[in-house]
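Chains as they are written, first to last, in this note's numbering: chain A, 224 to 617; chain B, 12 to 92.
Beta carbons are placed, not taken as given, at the ideal position from N, Cα and C, and that holds for glycine.
Presented below is the structure to which this report refers.
Written out as structure tokens, the structure reads:
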């Protein structure tokens, strides 16, 4: 029997369960000290969860979007900062495997991500562009086969902990601000970082999203040939909203689990009486279910759209992904506030089994992480031409 | 039709490359067409050519170049194409 079990590879869920246990153990300290969740990341590497999306022929596991989204949710229940690091890594990996595998250099790099379990970070925002990641000031300066790049990045999440950074820049010094490329920069050989500001925040304190001056140089082959405008429209924005929403769901789900545990404990203390929080629990469970439906609908919309490049670059799809982000971020905070109302002082205190303060602070990042107002402004522009889909089938 | 499209682009396209000097098949997004401007472009095209783009045509490809726009409009007004 034992031999048979050893032959069956462990599922991703089994492996993530192990990682989540470790993440949960350190979540309080990561939050308190605003430090990188290195125990989680080491466990992700040991359990080989960083290369999942790489094609099997390059050493990965061909894992799909829905399964990775579920893993983000699992980790989100344990430690939101850990889940955000995992999600951001997976978003970058999706950009690489969806758009970068036409070039030999990037195929080799994807192989390395799977083999050595490299952690990928992202550098898209830049000082002076007003938070719009579809514009760059900095440019790739090509000289023969080499390029140089200097970027003033107000935020690079876990930049100093990553094994590689995928950075955006204008294609050339004379290119318009929206004509961007994505370049792969490996730690220890392609770039140096000089920290320019810190990360002392309300929540998501463990992502260590400090500011850096990024100085890089490398071979021109490291530049992904596909324009970043297409990478952003066809995979990055969608996978960001899906993986983020999934981990926000995880945070809300854990807060609800604590609220339910609180109500059950109260019911056991006073048999025959429905505890005061029970009604709110019913209300919040319905909301959590709404949130789950919203996230699942977003995932299946992306999986359908992926079959056609035209659909991926359609306005209707952009509206759907924008709506996912705004809805999920709003719902997460609402649900956790209900959990707080149910758990009362026990939930408000930071040192009880029912504490939901960290959950609330972490989830509040959702509405400002690409501001909901910015997204709504974008959607309202798109709705000048796009029509609301009234079918319940599509 | 190409000239009319070009004039609309000058008016609402807000391009980094002047629309007058763009080749028929030049990529408008490379020329600096933003998401916001592309919607303004669609609205202006609907107004000038008295058409309505159906949902399935609201994609990046439909508005990728002056030529692509002309072909899309042609599809919606077959007798004039």
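Residue 77 of chain B, DSSP secondary structure in three states
Here residue 77 of chain B sits in helix by DSSP.
*residue 375 of chain A, enclosing beta strand (DSSP E) - first and last residue*: In the DSSP assignment, residue 375 of chain A falls within the unbroken beta strand (DSSP E) covering 369-380.
| Leaving out the 5 sequence neighbours to the left and right, which residues in its chain are closer than 7 Å to residue 30 of chain B when beta-carbon positions are compared? | 17, 20, 21 and 24, listed in sequence order.
#### Entry: Sequence-distant residues of its chain with Cβ nearer than 6 Å to residue 583 of chain A (five each side left out)
If we look at residue 583 of chain A and ignore the five residues flanking it on each side, its Cβ neighbours are 559.
Exercise for the section: Give the secondary structure of residue 390 of chain A by DSSP, where H, G and I count as helix, E and B as strand, and everything else as coil. Expected result: In the three-state scheme derived from DSSP, where H, G and I count as helix and E and B as strand, residue 390 of chain A is classed as strand.
Checklist entry - For residue 410 of chain A, which of helix, strand or coil comes out of DSSP? => result Of the three classes helix, strand and coil, the one that applies to residue 410 of chain A here is coil, per DSSP.
- By DSSP, does residue 610 of chain A sit in helix, in strand, or in coil? Note: residue 610 of chain A maps to coil in three-state DSSP.
With a cut-off of 8 Å on the beta carbons, I'd call residue 570 of chain A and residue 481 of chain A a contact; round off their distance for me.
About 7 Å separates the beta carbons of residue 570 of chain A and residue 481 of chain A, which is inside the 8 Å limit, making them a contact pair.
Problem - 8 Å contact criterion, which residue 362 of chain A and residue 334 of chain A should meet: CB distance rounded - result: Between residue 362 of chain A and residue 334 of chain A a beta carbon distance of about 29 Å is seen, past the 8 Å cut, so the two are scored as non-contacting.
Buried or exposed for residue 285 of chain A, please, with buried defined as at least 16 other CB atoms from any protein chain shown within 10 angstroms of its CB. It counts as exposed.
Q | residue 555 of chain A beta carbon less than 8 Å from that of residue 447 of chain A | A | The Cβ-Cβ distance between residue 447 of chain A and residue 555 of chain A does not fall below 8 Å.
In the DSSP assignment, the alpha helix (DSSP H) including residue 451 of chain A goes from what residue to what residue? Counting along the chain, the alpha helix (DSSP H) containing residue 451 of chain A begins and ends at 451-454.
Could you have a look at residue 214 of chain A and say whether DSSP puts it in helix, strand or coil? The structure shown has nothing for residue 214 of chain A, since chain A only spans 224 to 617.
Taking residue 610 of chain A as the reference, give the member of A:539, A:600, A:549 and A:563 with the closest Cα.
Selected option, being the one with the closest Cα: A:539.
Contacts around residue 315 of chain A, its chain only, beta-carbon distance under 8 Å, and the 5 residues preceding and following it disregarded:
343, 344, 345 and 389.
Notebook entry, point to check: Do you know offhand how far residue 586 of chain A's Cα is from residue 88 of chain B's?
Noted result: Cα-Cα distance, rounded: 50 Å.
- Task: Kindly indicate the opening and closing residues of the alpha helix (DSSP H) around residue 561 of chain A.
- Result: Per DSSP, residue 561 of chain A belongs to the alpha helix (DSSP H) from 538-571.
Go through its chain and collect everything with a Cβ distance to residue 35 of chain B's Cβ below 6 Å, but skip five positions before and after it.
These residues qualify, in order along the chain: 77 and 78.
Who are the neighbours of residue 69 of chain B on chain A, taking C-beta pairs under 8 Å? The contact set of residue 69 of chain B on chain A, defined by CB atoms closer than 8 Å, consists of 537, 538, 539, 608 and 609 in chain order.
* Asked: Per DSSP, what kind of secondary structure is residue 351 of chain A in: helix, strand or coil?
  -> Under the three-state reduction of DSSP, residue 351 of chain A is assigned to coil, being neither helix nor strand.
Could you check whether residue 425 of chain A and residue 386 of chain A sit closer than 8 Å to each other, using their CB atoms as the reference points? No; because the gap between Cβ atoms is not below 8 Å, this pair is not in contact.
- Task: Please classify residue 545 of chain A: is it buried, with 16 or more other beta-carbons within 10 angstroms of its beta-carbon, or exposed?
- Result: Burial call: buried.
| Should the region 346-361 of chain A be called in touch with the region 320-333 of chain A, which here means at least 3 C-beta pairs below 8 Å? | Counting Cβ pairs under 8 Å, fewer than three are found: no touch.
Practice problem: Identify whether residue 574 of chain A lies in helix, strand or coil by the three-state DSSP scheme. | Solution: Of the three classes helix, strand and coil, the one that applies to residue 574 of chain A here is coil, per DSSP.
Given that a residue counts as buried once 16 or more other Cβ atoms are within 10 Å of its Cβ, and exposed if not, what is residue 236 of chain A?
Flag for residue 236 of chain A reads exposed.
**Prompt:** Considering only the beta carbon of each residue, do residue 56 of chain B and residue 42 of chain B sit closer than 8 Å?
**Reply:** Using a Cβ distance threshold of 8 Å, residue 56 of chain B and residue 42 of chain B do not count as a contacting pair.
* Work out the CA separation of residue 548 of chain A and residue 405 of chain A for me, nearest whole Å. => Residue 405 of chain A and residue 548 of chain A: Cα-Cα distance of roughly 23 Å.
Problem set entry | For residue 85 of chain B, the three-state DSSP class (helix, strand or coil) | In the structure shown, residue 85 of chain B sits in a helix (DSSP, three-state: H, G or I).
*Given a cut-off of 8 Å, decide if residue 298 of chain A and residue 337 of chain A are closer than it, judged by their beta-carbon atoms.*
Their beta carbons are not under 8 Å apart, which means residue 337 of chain A does not touch residue 298 of chain A by this criterion.
Measuring only the C-alpha atoms, how far is residue 451 of chain A from residue 75 of chain B?
If I take the Cα positions, the gap works out to 15 Å.
Spatial neighbours of residue 131 of chain B within its chain, please: C-beta separation below 8 Å, excluding the five flanking residues on both sides. Look at the range of chain B in this structure, 12 to 92, and you will see that residue 131 of chain B is not part of it.
Practice problem: Let me know if residue 368 of chain A comes out buried or exposed under the rule of 16 or more other beta-carbons within 10 Å of its beta-carbon. | Solution: So residue 368 of chain A counts as exposed.
- Message: Taking the alpha-carbon of residue 319 of chain A as reference, which of A:262, A:453, A:402 and A:535 has the nearest alpha-carbon?
- Response: When each option's Cα is compared against that of residue 319 of chain A, the closest is A:453.
> With respect to the alpha helix (DSSP H) encompassing residue 298 of chain A, which residues constitute its N-terminal and C-terminal limits?
Replying inline: Secondary structure note for residue 298 of chain A: its alpha helix (DSSP H) is the uninterrupted segment 288-301.
In this structure, does DSSP put residue 424 of chain A in helix, strand or coil? Of the three classes helix, strand and coil, the one that applies to residue 424 of chain A here is coil, per DSSP.
What would DSSP say about residue 45 of chain B, mapped onto helix, strand or coil?
Correct three-state label for residue 45 of chain B: coil.
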